[in-house]
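Report on the structure given below.
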Amino acid sequence: MARTCLITGASRGIGLATALRFARQGCNVVLVARSQPDLDRAVERIAETDASCLPLAADVSRRDDAQRVVAAAAERFGGVDVLVNNAGTGVLAPIERFALTDFDRTIGVNIAAVFHLTQAVWPLMRERGAGVIVNISSVASVDPFVGFAVYGATKAWVNAFSQATAAEGKPVGIRVYAVAPGAVETPLLRSVAPQFPREQALDPDAVAQVIETVCDERMLYVTGQTIFVRK
110 MARTCLITGA
120 SRGIGLATAL
130 RFARQGCNVV
140 LVARSQPDLD
150 RAVERIAETD
160 ASCLPLAADV
170 SRRDDAQRVV
180 AAAAERFGGV
190 DVLVNNAGTG
200 VLAPIERFAL
210 TDFDRTIGVN
220 IAAVFHLTQA
230 VWPLMRERGA
240 GVIVNISSVA
250 SVDPFVGFAV
260 YGATKAWVNA
270 FSQATAAEGK
280 PVGIRVYAVA
290 PGAVETPLLR
300 SVAPQFPREQ
310 ALDPDAVAQV
320 IETVCDERML
330 YVTGQTIFVR
340 K
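Going by our numbering, the first residue of the sequence shown is number 110, and it counts up by one from there.
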């Protein structure tokens, strides 16, 4: 039976690259993103493979939306084998001028969404006795540059949350990892650091390859780790 992989932020960048890798494996892919037009373009890419695809427009920082997409995946495919919490956002600004709306949005996407989706898939994975959760962190979790204090702090939370949930999941067959890339050539990078040298940025597929690798059963004994990826 094909595995079912639910990926947030799946319409572009790391999320789309990850979805394509799983689709080429023959997995069912559940694509979650906020923008329906972006989702439609992502579905066209998945259609180049033989994978079954379920696109879902949602704001996973909202608990109801997070629960809805997991329920839809379970109804369509019978469960969720792999969850990739990739959706993320960041604002570059000095702390004294950091807007509260930006703070709330960063916390919502980078922390609340990870929590809500993990909590939603947990009973499905526990019942099966197997499952993998990959949370996308960042090198900024340990080395945030000036103006990225809030973003870096949210990603440090992701590392700690991944380690703690991995320990909780180990007795019931649930593995959890954090994958922490450096600069990746994505729209987020260009929005916060438009002058960053392209040759120093990772290709999204390089990160997707690491995500694909940690989902392999051979990575069983490194559950809970934060895996850094950088040039």
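Backbone N, C-alpha and C define an ideal beta-carbon position, used for all residues, glycine too.
Which of helix, strand or coil DSSP assigns to valine 230 = Under the three-state reduction of DSSP, valine 230 is assigned to helix.
Alpha carbon of phenylalanine 186 to alpha carbon of alanine 167, nearest angstrom | Rounded to whole angstroms, phenylalanine 186 to alanine 167 spans 18 angstroms at the Cα level.
Give, in chain order, every unbroken run of the beta strand (DSSP E) that is at least 3 residues long and sits entirely within the region 183-215.
-> Runs of the beta strand (DSSP E) spanning 3 or more residues and lying entirely within the region 183-215 occur at 191-194, in chain order.
Own chain residues within Cβ distance below 8 angstroms of aspartate 341, not counting five before or after | Only positions 110 to 340 of the chain appear in this structure, which leaves residue 341 out of reach.
Could you tell me how far apart the beta carbons of isoleucine 80 and valine 138 are, in whole angstroms, since I believe they sit closer than 8 angstroms?
-> The requested residue 80 is not part of the displayed model; the chain covers only 110 to 340.
Say whether the region 298-311 touches the region 267-282, bearing in mind that this needs 3 or more beta-carbon pairs closer than 8 angstroms, one atom from each stretch.
-> By the C-beta criterion, the region 298-311 is judged not to be in contact with the region 267-282, since fewer than 3 inter-stretch pairs fall below 8 angstroms.
Could you spell out where the alpha helix (DSSP H) holding tyrosine 278 opens and where it closes?
-> The displayed chain sequence assigns glycine, not tyrosine, to residue 278. Taken as a continuous stretch (DSSP letters only), the alpha helix (DSSP H) holding glycine 278 covers 258-278.
Which listed residue (Ile116, Ala142, Ser144 and Gln145) has its alpha carbon closest to that of alanine 132 | Ranking the options by Cα distance to alanine 132, first place goes to Ile116.
Which term fits lysine 264, buried or exposed, when burial requires 16 or more other beta carbons within 10 angstroms of its beta carbon?
-> Buried, by the Cβ-count rule.
C-alpha distance - arginine 214 paired with cysteine 136, whole-angstrom precision | Each residue's Cα considered, the two are about 31 angstroms apart.
Secondary structure of arginine 121, DSSP reduced to three states = Arginine 121 sits in coil when the DSSP states are folded into three classes, being neither helix nor strand.
Assigned secondary structure, alanine 167 (DSSP; H/G/I helix, E/B strand, else coil) | The answer is coil: DSSP assigns alanine 167 none of H, G, I, E or B.
Phenylalanine 131, DSSP secondary structure in three states = Looking at phenylalanine 131 - three-state DSSP - the assignment turns out to be helix.
How many angstroms separate the CA atom of tyrosine 330 from the CA atom of threonine 198?
-> Taking the CA atoms as reference points, tyrosine 330 sits about 30 angstroms from threonine 198.
Buried versus exposed, by CB contacts within 10 Å (16 or more), isoleucine 204 | Result: exposed.
Looking only at C-alpha atoms, which of Ala292, Phe257 and Val241 sits nearest to threonine 322?
-> Comparing alpha carbon positions, the residue from Ala292, Phe257 and Val241 closest to threonine 322 is Val241.
Alanine 289 lies in the alpha helix (DSSP H); which residues open and close that run?
-> Segment 283-290 is the beta strand (DSSP E) holding alanine 289; no alpha helix (DSSP H) there.
Return the first residue and the last residue of the beta strand (DSSP E) that alanine 142 is part of.
-> Membership of alanine 142 in the beta strand (DSSP E) is indicated by the continuous run 137-142.
If we count the other Cβ atoms within 10 Å of its Cβ and call it buried at 16 or more, is valine 285 buried or exposed?
-> Valine 285 is buried by the Cβ-count criterion.
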